[in-house]
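Taken in sequence, the protein lines are chains A and B. The first sequence runs 1 to 491 under the numbering used here. The second sequence runs 1001 to 1491 under the numbering used here. Cβ atoms here follow ideal geometry from the backbone N, Cα and C, with glycine treated the same way. Since the structure comes first, as structure tokens, the remarks are kept for the end.
2 protein chains.
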Amino acid sequence: MTILSTAHHRWPLLSSCLRRRFCSAKRLVSGEPEAPVVRTAIPGPNSLRLKNELSEIQNSDSVQFFADYKKSIGNYIADVDGNMLLDVYSQIASIPLGYNHPDLMEAVESTDMRTMFINRPALGVYPPKDHVQSLRSSLLAVAPPGMKNVTTMMCGSCSNENAFKAAFIWYRTKQRGGKEPTADDMRSSMQNQPPGSPQLSVLSFHGSFHGRTMACLSCTHSKAIHKVDMPALDWPVAPFPRYKYPLDQHTDYNRNEDQQCLAEVQQLIEMSNQRGRDVAAVLVEPIQAEGGDNFASKEFFTDLQKLTKQAGAAFIVDEVQTGCGGTGKMWAHEHWELPESPDLVTFSKKMYLGGFYFKPEFYVKQGYRIFNTWLGDPSKLALLDVTLRIIRRDNLLKNTQIAGRTLLAGLQALEEKYPALVHSARGLGTFCAITCRDVTTRDSILTRMRNCGINMGGCGEASIRFRPMLTFQTCHAEIILDRLSAVLKEF
Amino acid sequence: MTILSTAHHRWPLLSSCLRRRFCSAKRLVSGEPEAPVVRTAIPGPNSLRLKNELSEIQNSDSVQFFADYKKSIGNYIADVDGNMLLDVYSQIASIPLGYNHPDLMEAVESTDMRTMFINRPALGVYPPKDHVQSLRSSLLAVAPPGMKNVTTMMCGSCSNENAFKAAFIWYRTKQRGGKEPTADDMRSSMQNQPPGSPQLSVLSFHGSFHGRTMACLSCTHSKAIHKVDMPALDWPVAPFPRYKYPLDQHTDYNRNEDQQCLAEVQQLIEMSNQRGRDVAAVLVEPIQAEGGDNFASKEFFTDLQKLTKQAGAAFIVDEVQTGCGGTGKMWAHEHWELPESPDLVTFSKKMYLGGFYFKPEFYVKQGYRIFNTWLGDPSKLALLDVTLRIIRRDNLLKNTQIAGRTLLAGLQALEEKYPALVHSARGLGTFCAITCRDVTTRDSILTRMRNCGINMGGCGEASIRFRPMLTFQTCHAEIILDRLSAVLKEF
């Protein structure tokens, strides 16, 4: 089994001497503090007061603290109580370059940018004159290997919902032998009835997260509180491999996981098709992020693509959290080296706007079928354009690979030192995670880390995920590992 | 029957003399041309070339022309072929103040604004320090009468999907006697099965448009091409009144329409509840816009709210297209003078970001249930804040009432002059429409109007809708009426 996670490389914790050398390496963002600054418990009194005020308007339970974005810089987020935290959660993995990147700040001063901010077009009807050029220099310049088509959307859920729609149209068109919908299709669709509203389904995986609008939520299976009380579509759900770590010590077990999951996918598709709910698409994350940073092997995904194709379904890869460089490649699925591209690849978060790439077979032939008022936002596309230039100029994918190696090696050293507390260190690039012995320990570690100036996020039942910006460097990894080591020592 | 549309007021076409006086009235946006400038057929050669290039990337059938937003000003949109069109479609009703409004242009120069553009937070987790203040001075300052709670979202579909979710949570919580979900609810929801994933439904109306993500699309019944080939939820759909115009000549017929539709709503709710698909919410637009600018009376909506309440369902008013002043009031449902506010009011488009207002009963008690990564965009909220100040300062609601009266009176004069071509002139504020004898005539009128410099939109089967900005004045209405009169003469 080719190991997707680099978790099998074992590095010793860097010596203090070496660490100092790394820390003095050229910083990718100037103006960052040398280390976190903590003045109060976090959330501090100002955050607590504001959170209380916000709760009069809407539920504010999910608020961690209020931020001062003007004072935030690079990998550091300032809060409203004078604290400056090293941020390895980056707004749920949605900040590519860090806060107030000087090149972005300069870019938004231009009249072109300001014009775009205040004149938001209906992109599908009156696109701006440079729209084609803008798509080419941004989204198409970083398209997944082999993909040349893209449609823009607003957010991750919207991107997935529309990728499903493209798959449904493709599937029904195949069933009609390439013909357009019949008069009966059109008429019955207006009543939400078959054949116009067919009983098609999307197969998803346990532990997955694909968003929260209804079709997405029916494919999301990470936490019950996201789903409970909401009507859902009765679509098939397959198990996703759950590996044992270190990977190189559990090769047989993990390979068996792959095979069992694939067999179940196959069986679920057959069963669903037999009961008249054809599986039009199989939807998968390269790494199940919200669900616990669950990795799977290159072989699993390669076989999944093959199996999906044989079943006549579309293979949709949801790169909303994994896309845009965090794994050390632009798209996480590039690590799989598939024989052909996925059918549809969705994105959002660090890309500023949503959307999906698609193969030519998924090009919708009629207008207004994949459509909405805004279809994205050209001002976000312009920010992406600048951001991608900085990623190339500063070699940020390479930087992410290097920083990720230090981070993962450090996590592995910590799991060796504290095996009763943490285990299963894993990662690709800086997209790293470690699992705690239980949820109480995990939550306690997150709170303690925050109070010593490190902002991190949890995922799954008891995991900690690292989701830093692309300007996260080895020196930042060292600070985190030092403090995490100190926190683990306290238990 | 209290007539909601002002269509019963009959004004003569203004004399040329009076018209000149209006045209010389103070312009709300400086720098606009005196009249449209047309140099080529529209779309012109540059638009056609760009449209062809775009079609290599994605379907571009819906593109009307490519715009030059830097050259656009106020009510006028510039295209890439040197044409300058008077725009009464305003990006599918989503531009509040017109293009490049000088106050907006100035506002986005500030460091605060630029900081917001490049640092987009996860609003539900790390809101910016001025977020509470920003909600108060923007969204809450214009909240529908009696409403004090609001949640921000990204777009119209997202707002509706989340309003449904708030209604489902409220409904299930009522069923549990106020208790939180049980362990069985939680467990079964992870499998998309009842009781955790209940068979609840949302009742919508034929002719409605509520967006295009799956739950929204199941409530959308305006055009089959939006729906066909997509799986849909088997939710009840009621008829919406279809009035005869002029209203004052068809009082009995129209009142009967109201009563028949209300009776059917009642019956559909009972049937749906009986077959175990409880109607948790009734969803309605104040004016069915995409579906043909179908108006209904104040009595209809008042009775609908009452009936919905008696059935134990939530009353959701979708103000995505009608909200933000186009009808001469901030919210179209204010015209109904309801005894109490709707339960949920959704918005987007001219508000820059999406969201929904809700009554205290719909305040969700647990965090992360109405949630997503971005939960809107504070940079859009900041634009809204400036925009609302300009609406107040320049008295734009009053302006819209005045300009709307001229527009509607002119349309009525035209239907009297060309009864074989157009009929049923109707409107509230500048939210006006007229219906053509058939779709061919409608499309031909739209094309001819565009080629004489007026950008308009169609809706429903054969209607033309007017959806100008709030800076649309009597002088603009006069230009449109003049040209429409000339176009109708050609038939």
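(1) For a quick check, are the C-beta atoms of TYR1089 (chain B) and ARG1467 (chain B) less than 9 Å apart?
(2) So what does DSSP say about PHE347 (chain A), is it helix, strand or coil?
(3) Between A:LEU470, A:ASP343 and A:LYS350, which has its C-alpha nearest GLY404 (chain A)'s C-alpha?
(4) Is the Cβ of HIS1476 (chain B) closer than 9 Å to any Cβ of chain A?
(5) Just the chain B side, please: which residues come within less than 8 Å of PRO128 (chain A) by C-beta, in chain order?
(6) Taking Cβ to Cβ, would you say ALA215 (chain A) is nearer than 9 Å to ALA1280 (chain B)?
(7) Report the three-state DSSP secondary structure of SER1070 (chain B) (helix, strand or coil).
(8) Check whether the region 1044-1054 of chain B and the region 103-119 of chain A are in contact - that is, three or more C-beta pairs closer than 8 Å.
(9) Determine, using beta-carbon pairs with one atom in the region 184-193 of chain A and one in the region 362-377 of chain A, whether at least three such pairs fall under 8 Å.
(10) Which class does ASN455 (chain A) belong to by DSSP, given the choice of helix, strand or coil?
(11) Is the beta carbon of LEU1344 (chain B) closer than 9 Å to that of PHE1315 (chain B)?
(12) Nearest chain A C-beta to SER1016 (chain B) closer than 9 Å, yes or no?
(13) Identify, in the order they occur along the chain, each residue of the same chain with its Cβ nearer than 8 Å to the Cβ of ILE1434 (chain B), setting aside the five sequence neighbours on each side.
(14) When DSSP labels each residue in this structure, what does THR430 (chain A) get in the three-state scheme?
(15) Closest to ILE1118 (chain B) by CA distance: which of B:LYS1398, B:LYS1489 and B:ASP1377 is it?
(16) Which residues in the same chain have their Cβ closer than 6 Å to the Cβ of ILE73 (chain A), if we skip the five residues on either side of it in sequence?
(17) Would you kindly check if the distance between the Cβ of GLY1354 (chain B) and the Cβ of MET1153 (chain B) is under 9 Å?
(18) Indicate the three-state DSSP secondary structure (helix, strand or coil) for ALA78 (chain A) in the structure shown.
(19) Which residues does DSSP list as the beta-bridge partners of PHE65 (chain A)?
(20) Any beta carbon of chain A sitting closer than 9 Å to that of LYS1309 (chain B)?
(21) For GLY156 (chain A) and VAL38 (chain A), which I take to be in contact (beta-carbon distance under 8 Å), what is that distance rounded to the nearest angstrom?
(22) At a Cβ cut of 7 Å, what residues of the region 1167-1182 of chain B count as close to chain A, listed as they run along the chain?
(23) Are the region 1196-1207 of chain B and the region 157-172 of chain A touching, with three or more C-beta to C-beta distances below 8 Å?
(24) If contact means a Cβ-Cβ distance below 7 Å, which residues of the region 1333-1363 of chain B contact chain A?
(25) Express the C-alpha separation of GLY1460 (chain B) and LYS979 (chain B) in angstroms, rounding to a whole number.
(26) Does THR373 (chain A) come within less than 9 Å of chain B when only Cβ atoms are used?
(27) Less than 9 Å between the beta carbons of ASP1258 (chain B) and ALA1296 (chain B), yes or no?
(28) I need the straight-line Cα distance from VAL1487 (chain B) to LEU1085 (chain B), nearest angstrom please.
(29) Would you kindly check if the distance between the Cβ of LEU247 (chain A) and the Cβ of ASN254 (chain A) is under 9 Å?
(30) With DSSP run on the structure shown, which of helix, strand or coil describes GLY354 (chain A)?
(31) Using a Cβ cut-off of 7 Å, which residues of the region 41-64 of chain A contact any Cβ in chain B, in chain order?
(32) Using a Cβ cut-off of 9 Å (strictly closer), state whether LEU1408 (chain B) contacts chain A.
(33) If I'm right that VAL1063 (chain B) touches VAL125 (chain A) with Cβ under 8 Å, what's the distance once you round it to whole angstroms?
(34) Using 8 Å for Cβ pairs, my map puts ILE1042 (chain B) next to PHE1065 (chain B). What's the rounded Cβ distance?
(35) Could you tell me the distance, in whole angstroms, from the CA atom of ASN75 (chain A) to the CA atom of LEU104 (chain A)?
(36) Secondary structure at LEU481 (chain A), three-state DSSP: helix, strand or coil?
Quick look at the numbers:
(1) yes
(2) strand
(3) A:LEU470
(4) no
(5) PHE1066, ALA1067, ASP1068 and TYR1069
(6) no
(7) One point to set straight first is that residue 1070 (chain B) is Lys, not Ser, in the sequence displayed. Here LYS1070 (chain B) sits in strand by DSSP.
(8) no
(9) no
(10) strand
(11) yes
(12) Model confidence at SER1016 (chain B) stands at a pLDDT of 42, short of 50, so the residue's coordinates are unreliable; what they give is reported in the following sentence. Output row for SER1016 (chain B): interface = no.
(13) LEU1411, LEU1414, GLU1415, VAL1422, HIS1423, SER1424, ALA1425, ARG1426, SER1463 and ILE1464
(14) coil
(15) B:ASP1377
(16) GLY31, GLU32, TYR99 and ASN100
(17) yes
(18) strand
(19) For PHE65 (chain A), which the question treats as bridged, DSSP gives no partner whatsoever.
(20) no
(21) Actually they do not touch by this definition, with Cβ atoms about 32 Å apart.
(22) PHE1168, ILE1169, ARG1172 and PRO1181
(23) no
(24) LYS1349 and TYR1363
(25) Residue coverage of chain B in this structure runs from 1001 to 1491, which leaves residue 979 (chain B) outside it and unanswerable.
(26) yes
(27) yes
(28) 16 Å
(29) yes
(30) strand
(31) LEU50, GLU53, LEU54, ILE57, GLN58, ASN59, ASP61, SER62, VAL63 and GLN64
(32) no
(33) 6 Å
(34) 6 Å
(35) 15 Å
(36) helix
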